[in-house]
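Visitor: Take this structure first; my questions come after.
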Amino acid sequence: QQIVTLTYPHIGNTGTTPEDVESDRVWSAGLVIRDLPLVASNWRNTMSLSDYLKANNVVAIAGIDTRRLTRILREKGSQNGCIMAGDNISEEAAIAAAQGFPGLKGMDLAKVVSTKEKYEWRSTVWDLKTDSHANIEAAELPYHVVAYDYGIKYNILRMLVERGCRVTVVPAQTPASDVLALQPDGVFLSNGPGDPEPCDYAIKA
Numbered sequence: 001q002q003i004v005t006l007t008y009p010h011i012g013n014t015g016t017t018p019e020d021v022e023s024d025r026v027w028s029a030g031l032v033i034r035d036l037p038l039v040a041s042n043w044r045n046t047m048s049l050s051d052y053l054k055a056n057n058v059v060a061i062a063g064i065d066t067r068r069l070t071r072i073l074r075e076k077g078s079q080n081g082c083i084m085a086g087d088n089i090s091e092e093a094a095i096a097a098a099q100g101f102p103g104l105k106g107m108d109l110a111k112v113v114s115t116k117e118k119y120e121w122r123s124t125v126w127d128l129k130t131d132s133h134a135n136i137e138a139a140e141l142p143y144h145v146v147a148y149d150y151g152i153k154y155n156i157l158r159m160l161v162e163r164g165c166r167v168t169v170v171p172a173q174t175p176a177s178d179v180l181a182l183q184p185d186g187v188f189l190s191n192g193p194g195d196p197e198p199c200d201y202a203i204k205a
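Using UniProt numbering, read the sequence shown as starting at 1 and increasing by one per residue.
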């Protein structure tokens with residue numbers, strides 16, 4: 001799993017809203033930020049970042065010079081790390097956990113985050129006038145696109161619907177023959193986390 005860091009210093013100052021969620025769950029193992037504002041100010045805010053992380057069981061740490069950390073990551077590549085929380089924090093245990101992590105090379109995260117079942121997508125992008133996402137009937141969408149889910153974001157699917165596509169999302173390991181049997185007008189390959197090298201099934205398809 002990956003720990004995510006963000007260079008912008010005030011993450012969380014607008015809070016969170018379910019309409020902006022890009023997946024069915026939070027996939028990152030942890031979050032590293034510079035500063036966590038105590039007040040969330042936005043008319044769409046429904047939950048503070050702190051409460052959102054707690055609700056999704058994601059550990060986080062603030063007070064880190066994330067721009068310096070990002071320079072290290074840029075120059076030296078991804079680094080092993082560990083964030084600990086609770087009453088029994090042990091520096092030795094944290095170091096041992098970080099050193100024991102095998103690294104991201106060769107780790108197939110796409111298979112981990114991919115959907116396990118095929119599903120249809122009809123929802124559009126957010127409409128400020130209606131204050132909602134619209135669901136378009138399949139008959140109104142002239143094109144059929146099959147999207148491989150290697151970690152796809154909901155907004156990519158919404159943008160495809162906006163362009164007239166009826167979208168069928170399939171798991172990462174779906175054989176090409178199964179996709180072609182759906183007779184799509186196009187096939188979309190999503191982006192995703194981790195090292196693409198172990199995704200030999202994607203290359204085969």
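Glycine included, each C-beta is placed from N, C-alpha and C at the ideal position.
Going by DSSP in three states, M159 sits in which element: helix, strand or coil?
Guide: It is helical.
Visitor: Run the CB neighbour count on V125, radius 10 Å, all protein chains shown included, and call it buried at 16 or more, exposed below.
Guide: V125 comes out exposed.
Visitor: Which same chain residues, not among the five before or five after T115, have their C-beta less than 7 Å away from its C-beta?
Guide: Counting only Cβ-Cβ distances below 7 Å, and skipping sequence neighbours, we find D149, V169, P171.
Visitor: Work out the CA separation of P102 and A202 for me, nearest whole Å.
Guide: About 23 Å.
Visitor: Would you give the residue range spanned by the alpha helix (DSSP H) that V113 belongs to?
Guide: Where V113 is concerned, the enclosing alpha helix (DSSP H) stretches over 109-113.
Visitor: Taking only the alpha-carbon atoms, compute the straight-line gap between N191 and A147 and give it to the nearest angstrom.
Guide: The straight-line gap from Cα to Cα measures roughly 11 Å.
Visitor: Identify, in the order they occur along the chain, each residue of the same chain with its Cβ nearer than 6 Å to the Cβ of L189, setting aside the five sequence neighbours on each side.
Guide: Closer than 6 Å at the Cβ level, and outside the excluded window around L189, lie Y148.
Visitor: Under the DSSP definition of a beta bridge, which residues are partnered with M47?
Guide: Paired residues: T16.
Visitor: By how many angstroms is the C-alpha of Q1 removed from the C-alpha of L73?
Guide: When rounded, the distance between both Cα atoms is 16 Å.
Visitor: Would you list the residues sitting across from V169 in a DSSP beta bridge?
Guide: DSSP lists Y119, A147 as partners of V169.
Visitor: Nearest CA to the CA of T174: which residue from Y8, I152, E117?
Guide: The shortest C-alpha separation from T174 is found at E117.
Visitor: Just tell me which of V58, K111, A205 has its CA closest to the CA of residue 206.
Guide: The chain is shown only over 1 to 205; residue 206 falls outside these bounds and no answer can be derived.
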